[in-house]
Amino acid sequence: MSITRRTFLLGSAAAAATGAVNASALARAAMQTHGAHRISAASGPGDVVGKVSVGYQGWFAAPGDGAPINGWWHWSKDWGRPPDPAYNAIKSWPDMREYARGYPTNFAPLRNGQPATLFSSYDQDTVDVHFRWMQRHGIDTAALQRFNPVSGEGPTRDAMAAKVRQAAERYQRKFYIMYDVSGWTQMRTQMKEDWSNKMSALAASPAYARQNGKPVVCIWGFGFDDDSRSFHAAECAEVVAWFKRQGCYVIGGVPTRWRTGESVRPDFLPVFDQFDMISPWMIGVIGKIPDADAFWLSVNIADKDYCDARGIDYQPCVLPGDLAEHQRAHGNFMWRQFYNLARLGVAGFYISMFDEYNEGNQIAKTAETLNDAPGNFNFAALDEDGIACASDYYLRLTGDGGRMLKGALALTPVRPTAPVSGSSAGLATVLSLRSRVNNRYVVAESNGAEPLIANRDALGPWERFDMVDAGGGDIALLSHTNAKFVTVDATRQNALIASRDSVGARERFLVEILPGGAIALRARANDRYVTATNEAKGPLIPTATQVGGWEVFDLVIS
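Here the sequence shown is numbered in my numbering, starting from 291 and rising by one per residue.
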């Protein structure tokens, strides 16, 4: 069946399949893909606006560390029993080489012969190590997670707050309290008491985060439509108003679809409007680069427009990906989020999370290879997709993402961070293009001697290209076939062919995101969209002035 050419407009089948995307959003997305970016927020620079913040759990303990909880807190499914393959509660194994103290587990030794020990967050040395990493890699602010402190965990969490304060002061980082209301049935009164009687004293620290001259507090969990956070809008609104009367700058950790109301409790939008900053949760929502692109176009842009119109700062989550679920693509998944959100001009990044070894979304140092993990459990290591990554890679990647947010690094879709410092291995961002016309990959035919055409069912060297930063948000494509750049060849009726040794005007392209995470490729040589001519039976040529079926590709970044 032939594919009818059509333009992506509001109401098209593609837009309907991925949620409403209006024409102005598409136009704005295309415009923001190219050129300079800047942070645009209701508030001026502070300790969260214009900064990189990380969620800091600080919730690991072990018997013998002195913690009041006196157990394998969050390491084991049974805190009274040492972690082992049967009672394991984590998805990733930490790199233990820089910790002063490790606690023996019931896992087998690491495959490299070292004992299988784990750290305790209760040790001040551990917190110091983490904040030293933050300092080294340009991470500005840590959001200390604080669950119900009236529970049995309370004394340990109180002590952790003091340890975080000490480390933040020592390493010139900022921190703030992030209350998590999950399962906290009496939060309406107890949270206020906790702030008044305990946590507000932390604001006297020079390391306590301030925004607009006010101490920062985050409340995470209002509006989520589940049994563990079954609070009504009125009581949540009253809590937010109370903190604001105390002179606090209040961040809301809110549901992913907070603005449109999907999986959100009734009548919560006025509650969200009270927050000084909105930070929607993203863990479990996206896991691949097309997911991130589609979400940026269909949700992030409109979220930021909404916040801008109401004087609310917008701090979206950025996640490295669940290592155990093979989501990371050696950093390309995380970098795509950094790039998309930096060009949108968001108020800041919230990294989910720093030390979340339980969900596999940690950026803290992690086992590099299976050799660095216990021999009797199949933990995914950082090299799980075949690219060697140093244990500090996601810390360095976060640092570079922060530099791009702040304008110290030019806006680029090409990841600049090497998986291993000082090595070029894995540095190239490799992509392939798959035409939506016939679901086949674009190939540099005949070792690059013929124009590009979409006619391959599988990926090999001829179907892979390095995505090279061409400046100003543009890219160039370096063919793996012959190490030549793809050009708009005037001698071949402007067909794309891999034949140039350097990048000039005819080798520059702009990637534009379409609904659902598909892309179109616009040639800078003539400012037209690349078309898989004759329903992909012919070569790729930039001839279209608008995007229809023949101009739609999947961007496969490996």
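Don't be surprised by glycine CBs; every beta carbon is placed ideally from N, CA and C.
Nothing here was measured: the structure is a model prediction, and the numbers come from that model.
For the segment 435-452 and the segment 498-505, state whether three or more C-beta atom pairs, one from each stretch, are separated by less than 8 Å.
-> no
Simplified DSSP assignment, three categories, for M624 = Residue mapping note: residue 624 aligns to position 334 of the sequence shown, counting from 1. Of the three classes helix, strand and coil, the one that applies to M624 here is helix, per DSSP.
Quick one: Cα of V507 to Cα of E483, how far?
-> On the sequence shown, position 217 is the one that residue 507 refers to. On the sequence shown, position 193 is the one that residue 483 refers to. Approximately 14 Å, taken between the alpha carbons.
Of the residues H420, W485, A497 and N648, which one's Cα is nearest the Cα of C538?
-> Within the sequence shown, residue 538 is the residue found at index 248, counting from 1. Closest option to C538, Cα to Cα, is W485.
Distance between R686 and D418 (C-alpha atoms, nearest Å) = Position 128 of the sequence shown, counting from 1, holds the residue named residue 418. Position 396 of the sequence shown, counting from 1, holds the residue named residue 686. Approximately 18 Å, taken between the alpha carbons.
D844 (DSSP reduced to helix, strand or coil) | Position 554 of the sequence shown, counting from 1, holds the residue named residue 844. In this structure, D844 counts as strand in the three-state DSSP scheme.
Pick helix, strand or coil for A313, following the three-state DSSP scheme.
-> Mapped onto the sequence shown, residue 313 falls at position 23. Unreliable placement is indicated for A313, whose pLDDT of 48 sits below 50; the coordinate value is still reported in the next sentence. It is helical.
How many whole angstroms separate the CB atoms of V837 and P703, which I take to be in contact at a CB cut-off of 8 Å?
-> As a first step, residue 837 must be located in the sequence shown, where it is residue number 547. As a first step, residue 703 must be located in the sequence shown, where it is residue number 413. Not confirmed; about 19 Å, so no contact.
Rounded distance between the beta-carbons of E615 and G665, thought under 8 Å | Translated into the one-based positions of the sequence shown, residue 665 becomes position 375. Translated into the one-based positions of the sequence shown, residue 615 becomes position 325. That pair is no contact at about 22 Å.
Classification of E753 by the beta-carbon crowding that lies within 10 angstroms, buried from 16 upward | Walking along the sequence shown from the start, residue 753 turns up at place 463. Result: buried.
What three-state label does DSSP hand Y461 in the structure shown?
-> For the purposes of this step, residue 461 is taken as residue 171 along the sequence shown, with counting starting at 1. Note: Y461 maps to coil in three-state DSSP.
Between A739 and L701, what straight-line distance do the alpha-carbon atoms span, to the nearest angstrom?
-> Sequence index remark: in the sequence shown, residue 739 carries index 449 (1-based). Sequence index remark: in the sequence shown, residue 701 carries index 411 (1-based). Each residue's Cα considered, the two are about 33 Å apart.
What residue from P384, V530 and D779 has the CA that sits closest to I831's CA?
-> Counted from its first residue, the sequence shown places residue 831 at position 541. Nearest of P384, V530 and D779 to I831, Cα basis: D779.
Three-way DSSP call (helix, strand, coil) for I329 in this model | Counting from 1 along the sequence shown, the entry for residue 329 is found at position 39. Reduced to three states, the DSSP call for I329 is coil.
Under a CB-based cut-off of 8 Å, is K578 close to chain B?
-> This model lacks chain B altogether; it includes just one protein chain.
With 16 other Cβ atoms within 10 Å as the buried cut-off, status of R436 = The sequence position of residue 436 within the sequence shown is 146, counting from 1. It counts as buried.
If you draw a straight line from the alpha carbon of R705 to that of Q480, how long is it in whole angstroms?
-> In the sequence shown, residue 705 corresponds to position 415, counting from 1. In the sequence shown, residue 480 corresponds to position 190, counting from 1. Using only the alpha carbons, I get a separation of about 45 Å.
Report yes if the C-beta of S330 is less than 7 Å from at least one heavy atom of the ligand FMN; otherwise report no.
-> As for the ligand FMN, it is missing from this structure, which has no ligand bound.
On the three-state DSSP scale, how would you describe F512?
-> The sequence position of residue 512 within the sequence shown is 222, counting from 1. The answer is coil: DSSP assigns F512 none of H, G, I, E or B.
Does the segment 382-400 come close enough to the segment 411-428 that 3 or more CB-CB pairs lie under 8 Å?
-> yes
DSSP bridge partner residues for C607 (one or two, in chain order) | Your numbering for residue 607 matches position 317 in the sequence shown. Per DSSP, Y640.
Whole runs of the beta strand (DSSP E) within the segment 639-691, excluding any shorter than 3 residues = 639-641
P610 burial status per 10 Å Cβ neighbour count (16 or more: buried) = Reading the sequence shown from its first residue, position 320 is the one you call residue 610. With 16 or more Cβ atoms within 10 Å of its Cβ, P610 is classed as buried.
Minimum C-alpha distance to M572 - residue among V758, R746 and W510 | As a position in the sequence shown, residue 572 is number 282, starting the count at 1. Measuring from the Cα of M572, the nearest candidate turns out to be W510.
Straight-line gap, S569 to D764 (C-alpha atoms, nearest Å) = On the sequence shown, residue 569 is found 279 positions in, with the first residue counted as 1. On the sequence shown, residue 764 is found 474 positions in, with the first residue counted as 1. The straight-line gap from Cα to Cα measures roughly 29 Å.
With a cut-off of 8 Å, do at least 3 Cβ pairs link the segment 597-612 to the segment 329-345?
-> yes
Pick out the complete beta strand (DSSP E) segments inside the segment 712-767, 3 residues or longer, and give them in chain order.
-> 719-725, 731-733, 743-746 and 755-761
Applying the criterion that 16 or more other CB atoms from any shown protein chain within 10 Å of the CB defines a buried residue, is P496 buried or exposed?
-> Working through the sequence shown from its first residue, we reach residue 496 at position 206. P496 is exposed by the Cβ-count criterion.
Does the segment 795-811 come close enough to the segment 582-589 that 3 or more CB-CB pairs lie under 8 Å?
-> yes
Leaving out five residues before and five after W369 in sequence, what residues of the same chain have Cβ atoms less than 7 Å from its Cβ?
-> For the purposes of this step, residue 369 is taken as the residue at position 79 of the sequence shown. Correct list, in chain order: G361, W362 and W363.
Is DSSP giving I831 helix, strand or coil here?
-> Residue mapping note: residue 831 aligns to position 541 of the sequence shown, counting from 1. Here I831 sits in strand by DSSP.
Minimum C-alpha distance to R633 - residue among S642, T656, P606 and Q617 = On the sequence shown, residue 633 is found 343 positions in, with the first residue counted as 1. R633 has its Cα closest to that of P606, out of S642, T656, P606 and Q617.
Expressed to the nearest angstrom, what Euclidean distance is found between the alpha-carbon atoms of L845 and A744?
-> Here residue 845 corresponds to residue number 555 of the sequence shown, with the count starting at 1. Here residue 744 corresponds to residue number 454 of the sequence shown, with the count starting at 1. Approximately 13 Å, taken between the alpha carbons.
Collapsed DSSP secondary structure at L631 in the structure displayed | In the sequence shown, the residue the question calls residue 631 occupies position 341. Note: L631 maps to helix in three-state DSSP.
Cβ pair count under 8 Å reaching 3, the segment 512-524 against the segment 554-564 = yes
Three-state secondary structure (DSSP) at G839?
-> Translated into the one-based positions of the sequence shown, residue 839 becomes position 549. DSSP places G839 in helix when its eight states are reduced to three.
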